[in-house]
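Taken in sequence, the protein lines are chains W and R. Residues 1132 to 1347, numbered by this note's numbering, are exactly what the first sequence covers, in order. Residues 7 to 551, numbered by this note's numbering, are exactly what the second sequence covers, in order. Where is the CB? At the ideal position from N, CA and C, for every residue including glycine. The model shown is predicted, which means the values in this text are computed figures rather than measured ones. What follows is a short report on a single structure.
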Amino acid sequence: MRPEASVRPVVPQARHFGDEASRQDAAHVGMWVFLASEVMLFTALFTAYALYRYAYPDAFHQGRAYMDVGLGTLNTYVLVTSSILVALAITSVRAGRDMRAGMFLLGAWVLGVGFLCIKGMEYAHHAHDGALPGAWYDFDDFAVPGASLFFTLYWVMTGIHAIHVLVGLGVLSTLVVRALSGRFSAAYHTPLELGGMYWHLVDIVWLFLWPLLYLA
Amino acid sequence: MSFEAAEPAMPREHYLNAQRGAWSWLTTHDHKRIGVMFLGALLCTFLLGGVFALALRLELLTPGETVMGRLAYNRSFTLHGVIMVWLFLIPSIPTSFGNFLLPLMIGARDVAFPRLNLASFYLFLLGAVMTVWAILQGGVDTGWTFYTPYSTATGTDVLPVLMGVFVVGFSTILSGLNFITTVHTMRAPGMGWMRMPIFVWTLYGTSIIQVLATPVLGMVLLLVALERVAGVGLFDPARGGDPLLYQHLFWFYSHPAVYIMILPGMGVISESVSAFCRKNPSSYRVLVWSTVGIAFVGFLTWGHHMFVSGQSVLGSGTFSILSMLVAIFTALKIFTWTSTMYRGSIWMSAPFTYVLGFIFLLFFGGMSGVAVAVTSADLHWHDTYFVVAHFHFIMVGASLMAFLAALHYWFPKMFGRCYPEGLGVGTAVLIIFGFIATFLPQFLLGNMGMPRRYADYPEHFQSLHVASTAGASLLGFGFLIIAAYLGWSLRHGRVAGRNPWGSRGYEWHSDSPPPESNFHAPPDFPYRPHDYSRPDTQPEVGHAA
Ligand code: HEM
Ligand SMILES: [Cu+2]
């Protein structure tokens, strides 16, 4: 049984804040700042993308045409659904239904793993074709100048995004465990909200990568 | 004003002795201890960077090979630059004094995320160790900017250094995040934004730059690393890449980074000008808004490092004009400080001597910044000693003066003891003169055409190089004296009491050194920050005199 939710439980970590509510405020501010920082990380890559797309329009056009739009779009649905499940988990826990929240989170986690599997299939396919980055690029029927830059950016951008998915999955799995063992309550679910924010960011970044890399 | 007759006593329990043993330090979550540990680590990196600096100056004492060969010279200036910029100047004031003082100044018991704070310290250590390890592996010869395509082509092992700097960047982001959150959520009741001490404002501005600019640097370093490992070709013209992209991304971080170094320094100066002139800052608002202005405009000027890199004329012109805006905000600050001094009751203490040094060097260095921001003039000066002198005046001169001012002003706060004031003032004068002797000749050298990063030079440059080396030796000597008397004062200095300077800074409301959770009772700050216009309520003034 989880302890009954009081409105503002005072937990030991809140000692130097005075009360738990301000500790939660701080956690939210900190997360927003962190997300801003993450956005800047990807901004550097988007800048590079814009520059090289401007310099090599043909290569980028053909590169996107080569991508498997079906798989890319499927992955978009997978990630967006998973993001929605996380949002549902938060509403559930706010309503005090933490078991249901745990199930939603588990669903989100499974979809995240699914995303990586699909991505892995695509990667395997590209590797088979020789569409690898930089010095490893060896794709004979695709030898326009700048093609290797398109693929470099493709690998780096989706690769760094995939690392974020991995980190997000780690976060989700601890949240699943905590939710299922009744650690969250209507009054206390800050970690869940923060983890959710991170997962939404991962989703949003993909929503930018998808049109840039797949939709011709 | 009443002077206490009895010597003040050391508080019985404070953060230094509340818990004992090395383990209690290494696992502490106390922002004050973390600040002190950062200070210790920074002094070590500064010493190491300084040793390389002296080696460089020694090599340049005479034309031809003096003490080291060409490759060794290239490696030395790289390591000097890398250590000084990445491992000393960028983290210096925020992580040491910022960590120590920010919570005290806003009446909080700690920063918002104490564990993250400790993690930030260990990340810094890890990055520093990786970088130094790279030195032992034989060194790197790219310069602190790691410009491509050289950094992707050189045979020296750049990877460990890139990764070291990357890790230090993480530490910077975490510190910045922590400070922003602390300022937003942990101010004492009643402390509105316009009641925050100026130093807190500058730390806040600095943190925003750290959080928004550092990830871009991290990404570009990662790309260079990939380029070395996998030959991805993003910056390699032979593969269709663009080396200019590297410069854009690098300077997008590294120009704001110079404000990461100087803004906290400006905060220190604002605090000490008021404290040692016994006067309110002549405009609190100007100091605040110029801080915000610098933090903002700093993001728009990176292209002035690329005037001769093949940037469009329109681009150069735009960056030239935007750069001048920074000078306006800086000038606003300088005018505010000088007008605060005007008709103040000036106490020529060691911190105040450094304040004067700071203002002179910032003014001179800033003016030379405006000069190099003029595109046509920069064609002549780019990559010469003129630029070296410009950025040393500002970064080393001004930031370091502020660091030393902070070290002397807050030494009693941190350790509860005073240092010998006369020795402090004397050394400060020595350092300022050593500094000018080192870098003033370099303006002249640069204007005559001496390129930067060369180990050799024609005969007729020698006298100026000798002057510069002599100045550098004075500087080194000055630092030794400081180390000696501050080290001595740690144990034997006169007990400071709560507020030896009679300052109105909020941080002096708690004991010196402060107790473990900063205050014995919830603090309240009855007057505005830096308010010297009301009668003195703190009788301990005069103990440091
Ligand atoms: C206030 C603090 C300042 C700091 C700490 C600072 C620092 C630096 C540094 C480190 C460099 C050299 C970078 C390298 O290694 O190539 C530099 C170059 C430069 N700075 Fe500053 N600077 C400051 C202010 C200014 C201002 C106010 C301006 C313009 C109004 C300015 C204009 C420039 C320009 C144009 C260059 C490039 C010169 C060249 O490479 O030819 N700086 N600065
Ligand atoms: Cu700059």
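Check: Is the closest heavy atom of ligand 4 to the C-beta of R/HIS37 under 6 Å?; Outcome: In the structure on display, ligand 4 does not appear, and the ligands it does have are ligand 1 and ligand 2.
Check: Taking only three categories from DSSP, how would you classify R/PRO457?; Outcome: strand
Check: Who are R/ARG423's beta bridge partners in DSSP?; Outcome: R/VAL501
Check: So is R/ASP517 in contact with chain W if we call contact Cβ pairs under 7 Å?; Outcome: no
Check: As an exercise, report each continuous alpha helix (DSSP H) stretch of at least 4 residues that is fully enclosed by the stretch 1240 to 1292 of chain W, in chain order.; Outcome: none
Check: Would you verify that the beta carbon of W/ASP1156 is, or is not, closer than 7 Å to some beta carbon of chain R?; Outcome: yes
Check: Quick one: is W/VAL1264 near chain R, going by C-beta distance under 7 Å?; Outcome: What sits at residue 1264 of chain W in the sequence shown is Pro, not Val. Yes, because at least one Cβ of chain R sits closer than 7 Å to the Cβ of W/PRO1264.
Check: Tell me the DSSP bridge mates of R/THR390?; Outcome: R/PRO457
Check: Can we say the stretch 130 to 140 of chain R touches the stretch 222 to 230 of chain R, given the rule of at least three CB pairs closer than 8 Å?; Outcome: no
Check: Would the beta-carbon of R/HIS261 be found less than 6 Å away from any heavy atom of ligand 2?; Outcome: yes
Check: Nearest to W/ARG1228 by alpha carbon, out of W/TYR1329, W/VAL1336, W/HIS1320 and W/LEU1280?; Outcome: W/HIS1320
Check: With the cut-off set at 7 Å, would you say W/LEU1303 and W/PHE1315 are in Cβ contact?; Outcome: no
Check: Helix, strand or coil: which one does DSSP assign to W/TYR1329?; Outcome: helix
Check: Could you run through the stretch 208 to 227 of chain R and flag, in chain order, every residue whose CB is less than 8 Å away from some CB of chain W?; Outcome: VAL217, LEU218, ALA219, THR220, PRO221, VAL222, GLY224, MET225 and VAL226
Check: Suppose contacts are defined by Cβ-Cβ distances below 7 Å. Is R/PHE335 in contact with R/GLY309 by that definition?; Outcome: no
Check: Does any C-beta atom of chain W lie closer than 7 Å to the C-beta of R/LEU251?; Outcome: yes
Check: Whose Cβ in chain W lies nearer than 7 Å to the Cβ of R/THR187?; Outcome: ALA1157, VAL1160, GLY1161 and VAL1164
Check: What first and last residue would you give for the alpha helix (DSSP H) that runs through R/VAL376?; Outcome: 356 to 379
Check: With a Cβ-Cβ cutoff of 7 Å, do R/SER329 and R/ALA379 count as a contact?; Outcome: yes
Check: Measure the beta-carbon distance from R/ILE215 to R/PRO262 and round it to whole angstroms, keeping in mind my assumption that it falls under 8 Å.; Outcome: 5 Å
Check: Determine the chain W residues that contact R/GLY239 at a beta-carbon separation under 7 Å, and present them in chain order.; Outcome: GLY1265, SER1279, LEU1280 and THR1283
Check: What are the start and end residues of the alpha helix (DSSP H) that includes R/GLY299?; Outcome: 290 to 303
Check: Would you say R/ALA118 reaches chain W, if we count a Cβ-Cβ gap shorter than 7 Å as a contact?; Outcome: yes
Check: Which residues in the same chain as W/ALA1317 place their Cβ atom closer than 8 Å to its Cβ, once the five residues preceding and following it in sequence are excluded?; Outcome: ALA1136, VAL1224, ARG1225, ALA1226 and GLY1227
Check: Could you check which residue in R/SER280, R/ARG284 and R/THR208 has the C-alpha nearest to that of R/ILE268?; Outcome: R/THR208
Check: If you draw a straight line from the alpha carbon of R/SER539 to that of R/TYR348, how long is it in whole angstroms?; Outcome: 15 Å
Check: Residues of chain W with CB under 7 Å from R/THR191, in chain order?; Outcome: SER1153, ASP1156, ALA1157 and VAL1160
Check: To which residues of the same chain is R/VAL501 closer than 7 Å at the C-beta, ignoring the five residues directly before and after it?; Outcome: GLU13, PRO14, ALA15, MET16, GLY422 and ARG423
Check: Could you spell out the range, first to last residue, of the alpha helix (DSSP H) harbouring W/GLN1193?; Outcome: 1188 to 1197
Check: Based on Cα-Cα distance, which residue from R/ILE112, R/LEU122, R/THR72 and R/ARG63 lies nearest to R/ILE40?; Outcome: R/LEU122
Check: Mind checking which residues open and close the alpha helix (DSSP H) that includes R/TYR259?; Outcome: 249 to 283
Check: The alpha helix (DSSP H) spanning R/GLU65 covers which residue range?; Outcome: 37 to 65
Check: Throw me the rounded Cβ distance for the R/ILE179 and W/SER1168 pair, which I believe falls under 8 Å.; Outcome: 6 Å
Check: Could you say which of R/GLY455, R/ARG115, R/PHE417 and R/MET192 lies nearest to R/ALA383 if we only look at CA atoms?; Outcome: R/GLY455
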